[in-house]
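Visitor: Quick note on numbering: full-length UniProt numbering labels position 87 of the first sequence as 87, and the sequence is numbered without any gaps.
No residue lacks a Cβ here, since even glycine has one placed at the ideal position from N, Cα and C.
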Amino acid sequence: MQRLELRRADLRFPLPRDFAARVAGRRIQALSRRAKYLLVDFEEDLTLIAHLGMSGSFRIEADEGANLPGVFHHERSKDEKHDHVIFHLERPEGAVRIVYNDPRRFGFMDLMARSELDTYPAFRELGPEPVGNMLSADYLATRFAGRAQPLKSALLDQKVIAGLGNIYVCEALWRSHLSPTRKVATLVTKTGKPKPQLTLLASSIREVIADAIEAGGSSLRDHIQADGTLGYFQHFFRAYDREGRECLTDGCGGTVERIVQSGRSTFYCRACQK
DNA sequence: CAGCTCCCCTGATTGC
DNA sequence: TGCAATCAGGGGAGCT
């Protein structure tokens, strides 16, 4: 990490004090992810936390004169005015820039000591990841018992499950034949155990995420993968953005409708999602 | 505390 | 063609 070029001082929130100076000259040691946050570990126990919001993206470009295999060369575009943060990296093979672009500026970046990451406000109460075996029906039953919340808002709540967004919640509920307006407590038995439908929901959530990862992401029209090709999961939507169209559940014959919950669009079929 | 609504910002799309 | 209204993948502040 040679230097950091800040083209504006704020994204969604002001960037941390001395942001550029604190990361400049430090070697990058690891890249990882927690929920919807990207984590970049620098030397000396410093981690950059980055969130793309709804319109943020990173792209990698070779600096002038460098011709690096595997580095995607982008066309210059009108969107360049939304290039807000540019990381200049030196590598033995040549220099690259990593450019953060975000038209809506709903994304943000922050810095924290890696050793203190668990105390970062957004991480403190984060639920389990929807991949792997942490997301079980038993876990959901403990979170849902006695609660009046609609399923849709519970699944969007990052404290319940980390990293599910609007599209995947709609898709998981459709796959489970569960209504987004249903109260979460109705999926738990009197003794606090998951009903069979909750077991189905837990596996639907894991599957929809796995399918989306395999398809390379799902953003509505402009999502690109790291190698510059399009993410294709949007072609696999079964409920999301299908208002007025026929439900794809075998033998259902219903119509997908759009409702608004907590200010966000929900797409579902009231004929087969109960 | 739980569960809403509103709002941050810009661009794409739709309707007149 | 132009212009205004509507909507968007997230999440935090602040209300009831």
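DSSP puts THR191 in a beta bridge; with which residues?
Guide: In the DSSP output, where bridge partners are listed per residue, THR191 has none listed.
Visitor: Work out the CA separation of PRO16 and VAL256 for me, nearest whole Å.
Guide: Roughly 44 Å separates the two Cα atoms.
Visitor: Would you list, in sequence order, the uninterrupted alpha helix (DSSP H) runs of no fewer than 4 residues that lie entirely inside the stretch 72 to 151?
Guide: Correct list: 121 to 124, 137 to 144.
Visitor: Can you list, in chain order, the residues of its chain with a C-beta nearer than 6 Å to that of ALA162? Leave out the 5 residues immediately preceding and following it.
Guide: ALA35, LEU126, GLY127, GLU129, listed in sequence order.
Visitor: Please work out which residues of its chain come closer than 6 Å, Cβ to Cβ, to ALA154, disregarding the five sequence neighbours upstream and downstream, and give them in chain order.
Guide: Hits under 6 Å: VAL160, VAL184.
Visitor: When you compare only the Cα positions, how much space is there between HIS88 and ARG175?
Guide: C-alpha separation (whole angstroms): 44 Å.
Visitor: Which term fits GLU44, buried or exposed, when burial requires 16 or more other beta carbons within 10 angstroms of its beta carbon?
Guide: Exposed: under 16 other Cβ atoms inside 10 Å.
Visitor: Please confirm whether ARG26 and PHE42 have their CB atoms less than 8 Å apart.
Guide: Yes, Cβ-Cβ distance for ARG26 and PHE42 is below 8 Å.
Visitor: For the stretch 105 to 118 against the stretch 48 to 55, are there 3 or more C-beta pairs whose distance is under 8 Å?
Guide: At 8 Å Cβ cutoff, the stretches touch.
Visitor: Taking a contact to mean a Cβ-Cβ separation below 8 Å, would you say MET112 touches THR186 in this structure?
Guide: No, Cβ-Cβ distance for MET112 and THR186 is not below 8 Å.
Visitor: Looking at the structure shown, is SER265 part of a helix, part of a strand, or coil, going by DSSP?
Guide: Strand at SER265.
Visitor: Count the CB pairs spanning the stretch 165 to 172 and the stretch 234 to 251 that are closer than 8 Å, and state whether there are at least three.
Guide: Taking 8 Å as the limit for Cβ pairs, the verdict is that the stretch 234 to 251 does touch the stretch 165 to 172.
Visitor: Would you call THR266 buried or exposed, if buried means 16 or more other Cβ atoms sit within 10 Å of its Cβ?
Guide: It is buried - the Cβ of THR266 has at least 16 other Cβ atoms within 10 Å.
Visitor: Are there any heavy atoms of the ligand HEM lying less than 7 Å away from the beta-carbon of THR266, as far as the coordinates show?
Guide: Ligands displayed in this structure: none; no statement on the ligand HEM is therefore possible.
Visitor: Taking 6 Å as the limit between beta carbons, can you name the residues of its chain near LEU248, skipping five residues before and five after?
Guide: Counting only Cβ-Cβ distances below 6 Å, and skipping sequence neighbours, we find ARG238.
Visitor: Reducing DSSP to helix, strand and coil, say where GLU171 ends up.
Guide: Reduced to three states, the DSSP call for GLU171 is helix.
Visitor: Run through DSSP, which three-state label would PHE237 get?
Guide: It is coil, neither helix nor strand.
Visitor: Once you ignore the five residues that flank ASP138 on each side, which residues in its own chain have a CB closer than 7 Å to its CB?
Guide: Same-chain partners within the cutoff: PRO194.
Visitor: For GLU243, collect the residues of the same chain with a Cβ closer than 8 Å to its Cβ; drop the 5 residues on either side in sequence, then sort them by chain order.
Guide: Within the same chain, GLU243 has close Cβ partners VAL256, GLU257, ARG258, PHE267.
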